[in-house]
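Under our numbering, read the sequence shown as residues 1 to 131, first letter to last. Glycine is no exception: its CB is placed at the ideal position from the N, C-alpha and C atoms. Here the structure is a predicted model, which is why all the values come from computation and not from measurement. A short worksheet on the structure shown next.
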Amino acid sequence: MLKIKYFYGIPTQDIFDDIKENRILIAKDNGIMFKEELISAYLKAKRSIERNRMRGKTLESEFLIYLSGDTQIDRVLKEYGISNEKSNYFIIYLNGNEKDYGMEEKKKEFSNDIEKLKEKLEKISITELKK
């Protein structure tokens, strides 16, 4: 089972090793309203790797592509990637080793608006990716 936590701050450098080793996924909170957006993007990224149809070079980049609905990695990283400024981030723990990477854990209230969820999930569907 995936564990998702919400943080504020600037992640420490050791986060990059855990991303590279596929222990975690991280995304800047850029209007993410539903936990399902994160889970859907992860599952689609995982499936595209299994089917050898990756658009990105890593699980992390593929995850961010599906989360954003955009295939231009520069835009994707600017919107959802790690920055040198304090930001809110979601971390998805893939192996249960939960670290805070020097950030402060926060509470995130997710929306329960089903219609809005449908709209968001359609935005990041495989067939609707922007070129």
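Spatial distance of residue i from residue j (CA atoms)
i: D29; j: E85; result: 13 angstroms
i: S137; j: A27; result: Any property of residue 137 remains undetermined from this structure, which presents the chain solely from 1 to 131.
i: F90; j: L25; result: 8 angstroms
i: E37; j: K116; result: 11 angstroms
i: I82; j: E50; result: 26 angstroms
i: T12; j: D100; result: 9 angstroms
i: N52; j: E105; result: 35 angstroms
i: N88; j: F34; result: 15 angstroms
Assigned exposure category for residue i - 16 Cβ within 10 Å defines buried
i: D17; result: exposed
i: M103; result: buried
i: Y8; result: exposed
i: D14; result: exposed
Closest Cα partner of residue i within the set the options
i: I92; options: T12, I39, I10, K118; result: I39
i: K120; options: K78, T58, G31; result: G31
i: A45; options: T58, M33, F34; result: T58
Contacting residues, own chain, Cβ-Cβ under 7 angstroms from residue i (five flanking each side not counted)
i: S174; result: Because the chain here runs from 1 to 131, residue 174 falls outside it and cannot be looked at.
Same chain, Cβ closer than 8 angstroms to residue i, five either side skipped, listed in chain order
i: G96; result: K3
i: K107; result: Y6
Nonlocal neighbours in the same chain, by C-beta distance under 6 angstroms from residue i, ignoring five residues either side
i: I10; result: K86
i: R55; result: I65, T71
Report task. Would you check if there are 3 or more beta carbon pairs closer than 8 angstroms linking the segment 109-116 to the segment 19-28? Result -> no
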